[in-house]
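Beneath this line is the structure, given in structure tokens, with notes to follow.
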Amino acid sequence: MTAIALSIAGSDSGGGAGIQADLKTFSALGVYGASVITAITAQNTRGVTAVEDVSAEIASAQMDAVFSDLDVKAVKIGMVSRRETIAAIADGLRRFGKRAVVDPVMVATSGDALLRPDAVAALIEELLPLALVVTPNLAEAALMTGRAIAGDEAEMARQAEAIMRTGAHAVLVKGGHLKGQEATDLFFDGDTLVRLPAGRIETRNDHGTGCTLSAAIAAGLAKGVPLIEAVSAAKAYLHAAISAADRLEIGQGRGPVHHFHRWWKD
12 MTAIALSIAG SDSGGGAGIQ ADLKTFSALG VYGASVITAI TAQNTRGVTA VEDVSAEIAS
72 AQMDAVFSDL DVKAVKIGMV SRRETIAAIA DGLRRFGKRA VVDPVMVATS GDALLRPDAV
132 AALIEELLPL ALVVTPNLAE AALMTGRAIA GDEAEMARQA EAIMRTGAHA VLVKGGHLKG
192 QEATDLFFDG DTLVRLPAGR IETRNDHGTG CTLSAAIAAG LAKGVPLIEA VSAAKAYLHA
252 AISAADRLEI GQGRGPVHHF HRWWKD
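To convert, count from 1 in the sequence shown and add 11; that's the numbering used here.
This is the structure in structure tokens:
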């Protein structure tokens, strides 16, 4: 049976992040991708110039349409900027008995804010208890825990534990913004803390990294891979996609990672 994953996220007109990155990732990893669009953004490699949110009613209707027909094996949630939309998504997940990979998209790679301040509490209260795994970067983990941005792995671990108390099944704190030769993520499921290091890659073409990682985790889960194995494989896929990013020449700013690095020829 064909593995199906669903992305619930915003649309990136530049194609490097959001729904577009998720569907590319699903396809690259052999998974059929469906989508629920939560917002339309006008953006490119240089930044976000406009955002228009989709109504909570339309978001809910998209979920109903997908879940009532497709045998969705994994769900990934990205940009959801309004409290009403978050509530609608949480209601849909509960009605259809789904947990999700939650990427708490709060700020774009360009630095543009993507999550309204009043929606932060809603995301923590409504979506994190339904998260199979939540994948914050250092700034997002700090915002969710009310602590300073982690400067070392010990503080990353403390924040992972704090996020677990929201009801999430597991947490992956991404340490790519820590200083050092390695970009180390920490996975914590309440019992085991797993360190996931990778060599740091010098490139400015890193648009959509968070979207790609969380979508790759969902792709693994859709194929029946255990969570920690899906996380590890997703990190390896993203590392290869970043390594190949400079082979692309997209835009004038921070370009996307190379989702199809295994198949495209130079």
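Glycine included, every Cβ here is placed at the ideal spot set by N, Cα and C.
Source: prediction; values computed, not measured.
Grab the span of the alpha helix (DSSP H) containing residue i for me, first residue to last.
i    : result
T60  : Segment G58 to D64 is the beta strand (DSSP E) holding T60; no alpha helix (DSSP H) there.
T96  : R94 to R106
D33  : G29 to A39
L149 : L149 to T156
L249 : L238 to S254
A159 : Premise fails: A159 is in no alpha helix (DSSP H) and is neither H nor E.
P140 : Note, P140: premise wrong, no alpha helix (DSSP H); not H, not E.
T202 : In the sequence on display, residue 202 carries Asp and not Thr. That residue, D202, is in no alpha helix (DSSP H); it is neither H nor E in DSSP.
D129 : P128 to A133
Name the DSSP beta bridge partners of residue i, please?
i    : result
D82  : In the DSSP output, where bridge partners are listed per residue, D82 has none listed.
V51  : Per the sequence presented here, residue 51 reads as Ile, with Val not at that position. Partner(s): S22 and E63.
K87  : S18 and V112
V267 : The sequence given here has Pro at residue 267, not Val. P267 is bridged to H218.
E193 : G210
K276 : DSSP output for K276 lists no bridge partner at all.
V144 : V112
V184 : L197
Can you tell me the Cα-Cα spacing of residue i and residue j, whole angstroms?
i    : j    : result
A50  : L104 : 19 Å
V145 : L259 : 29 Å
R215 : G266 : 7 Å
D64  : I174 : 27 Å
A252 : G191 : 20 Å
H269 : L224 : 12 Å
M117 : G108 : 26 Å
A133 : I97  : 7 Å
K234 : M74  : 21 Å
V182 : Q263 : 34 Å
G186 : I212 : 13 Å
A39  : G26  : 15 Å
R110 : L238 : 12 Å
A255 : N55  : 20 Å
A20  : A241 : 20 Å
G178 : A61  : 33 Å
Counting along the chain, where does the beta strand (DSSP E) carrying residue i start and finish?
i    : result
S24  : Element bounds for S24: n/a, residue is neither H nor E.
T177 : It is not in any beta strand (DSSP E) - T177 carries neither H nor E in the DSSP assignment.
T223 : First-last for T223: T220 to A233, but that is the alpha helix (DSSP H), not the beta strand (DSSP E).
D196 : D196 to F199
V42  : That residue, V42, is in no beta strand (DSSP E); it is neither H nor E in DSSP.
How should residue i be labelled, buried or exposed, when 16 other C-beta atoms within 10 angstroms of its C-beta is the threshold for buried?
i    : result
S79  : exposed
P147 : buried
F271 : exposed
T202 : Rather than Thr, the amino acid found at residue 202 in this sequence is Asp. The residue in question, D202, is exposed, as its Cβ has fewer than 16 Cβ neighbours within 10 Å.
S66  : exposed
K87  : buried
R206 : exposed
K276 : exposed
H218 : buried
R93  : buried
P115 : buried
D196 : buried
M12  : exposed
T156 : buried
D23  : buried
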